[in-house]
Amino acid sequence: DSLLTNPDVRGITFVGSTEVGKHIYSTAAAAGKRGQALTEAKNHALLLEDAVLERSIAGIINSTYGCAGQRCMALPVVVMQDSIADEAIEMLATMAKALKLGPAYLPESQLGPVITAKHREWVHSCIERGVAEGADLVLDGRGASVEGYEGGFYVGPTIFDNVRPGNFVGDSEIFGPVTSIKRVSSFEEGLAVMNANRFANGSSIYTSSGYYAREFAKGTHAGMVGVNVGIPVPFSTFPFTGHKDSFFGDLHAMGKDGVAFFTETKAVTSVWFTDEHAKEKVTTWDGTLTRG
7 DSLLTNPDVR
17 GITFVGSTEV
27 GKHIYSTAAA
37 AGKRGQALTE
47 AKNHALLLED
57 AVLERSIAGI
67 INSTYGCAGQ
77 RCMALPVVVM
87 QDSIADEAIE
97 MLATMAKALK
107 LGPAYLPESQ
117 LGPVITAKHR
127 EWVHSCIERG
137 VAEGADLVLD
147 GRGASVEGYE
157 GGFYVGPTIF
167 DNVRPGNFVG
177 DSEIFGPVTS
187 IKRVSSFEEG
197 LAVMNANRFA
207 NGSSIYTSSG
217 YYAREFAKGT
227 HAGMVGVNVG
237 IPVPFSTFPF
247 TGHKDSFFGD
257 LHAMGKDGVA
267 FFTETKAVTS
277 VWFTDEHAKE
287 KVTTWDGTLT
297 RG
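Dropping the structure here:
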């Protein structure tokens with residue numbers, strides 16, 4: 007807190023957990039400083055029955071399991087229409103099983119380890135909690151190991167089906183290669199399920215319908231929106247725009263917001279006088295000049 011309240015500090019920017027981010031932002035604001043806290047996420051993808059299925063599932067695989075799921079813009083939750091869910095989950099599980107585990111520095115590796123042994127234990131505990139809460143474990147990544155690299159902290163691809171409202175694995179950030187499937191009957195129900203989450207960093211829709219893409223972009227609570235895109239991160243010229251419990255502040259990171267956050271603006275009003283002006287008599291404070 008001494009850093010947050012130090013008179014020499016003009017502003018605070020932070021990336022981390024929601025609990026800490028809330029404290030940092032509120033403390034900085036109370037001290038009269040500008041604050042910017044980018045916090046947790048639980049990004050959702052909405053997979054509609056009119057989507058190009060194989061390409062959509064490939065995008066979801068790359069999004070969910072890239073970086074072993076350890077990035078805030080992954081899509082760890084997929085909201086699927088019932089009409090295609092069974093086929094989509096089978097395809098998802100088949101593609102996930104085919105991923106080659108290994109050290110990230112090897113070109114052939116497709117799924118690397120998580121960052122520490124402690125974090126692997128955390129991911130395992132989340133999987134156990136998902137099972138305890140009644141979600142269907144389609145693919146279990148616990149016990150994963152790579153020959154020659156047994157000391158690595160590997161977690162294999164994990165998939166839960168029939169994740170319900172209130173289930174921890176579908177609502178909270180895990181930061182690991184764990185996919186949660188939520189089934190819905192329609193676009194409207196899917197959007198409502200996504201917006202019920204307390205986080206609103208990014209969201210994507212997989213569809214062939216321009217109408218649904220437009221309605222999704224308007225209706226999603228997330229600040230970064232993808233259409234048939236697995237990682238809906240904009241170019242750096244646009245703001246990194248989370249909302250709800252994913253961001254605390256007014257000016258976002260990157261883009262014009264990022265520049266404005268680290269800039270203090272000034273407006274200068276000035277008048278210049280010549281030697282001729284110096285000879286003139288000023289009769290009022292407002293600058294009216296009497297000549298003669």
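Okay, so the sequence shown: first residue is 7 according to the working numbering, each after it adds one. Here a beta-carbon is modelled for each residue, glycine too, at the ideal position from N, C-alpha and C. This structure is a prediction, so every number in the text was calculated from the model and none was measured.
With respect to the C-alpha of I18, the residue from W278, G264 and T275 having the closest C-alpha is G264. In this chain, the beta strand (DSSP E) harbouring M230 covers M230 to V233. Across the set I121, V277, V233 and L145, the C-alpha of I121 shows the shortest separation from the C-alpha of A74.
If only uninterrupted alpha helix (DSSP H) runs of at least 4 residues are considered, those enclosed by the stretch 72-130 are 88-103. Put simply, the stretch 163-178 touches the stretch 127-142. At least three CB pairs are less than 8 Å apart. Between Y218 and I211, the C-beta spacing is below 8 Å. DSSP places R40 in the strand class (E or B) of the three-state scheme.
Looking at A284, E282, V274 and T269, the one whose alpha-carbon comes closest to that of K39 is T269. With contacts defined by Cβ atoms closer than 8 Å, T45 and F181 do not form a contacting pair. Within the same chain, and ignoring the five residues on either side of L105 in sequence, the residues whose Cβ sits closer than 7 Å to its Cβ are Y71, Q116, L117 and P163. Distance from the CA atom of S192 to the CA atom of M101, rounded to whole angstroms, is 25 Å. Distance from the CA of A206 to the CA of E156, rounded to the nearest whole angstrom, comes to 37 Å. Distance check between A43 and each of T226, V83, G261 and T247 places T247 closest, using alpha-carbon atoms only. Within the model, the alpha-carbon separation for E96 versus F244 is close to 36 Å. For the options A141, V84, G140 and Q76, the alpha carbon positioned closest to that of P119 is the one of Q76. For R170, there are no CB contacts under 6 Å within the same chain when 5 residues up- and downstream are skipped. From the listed residues L59, M86, P13 and V58, the smallest Cα separation to E194 is found for M86. Assignment of alpha helix (DSSP H) within the stretch 136-195, counting only whole runs of 4 or more residues, yields 174-177 in chain order. If you check the CB distance, V175 and A141 come in under 8 Å.
In this structure, the alpha-carbon of T11 lies about 12 Å from that of H29.
Judged by beta-carbon spacing, H50 lies beyond the 8 Å limit of M260, meaning their Cβ atoms are not closer than that value. Of the other Cβ atoms in all chains shown, 16 or more fall within 10 Å of the Cβ of Y160; this residue is therefore buried. Between A273 and W128, the alpha-carbon positions lie close to 51 Å from each other. Under DSSP, H50 forms a beta bridge with V83 and S209.
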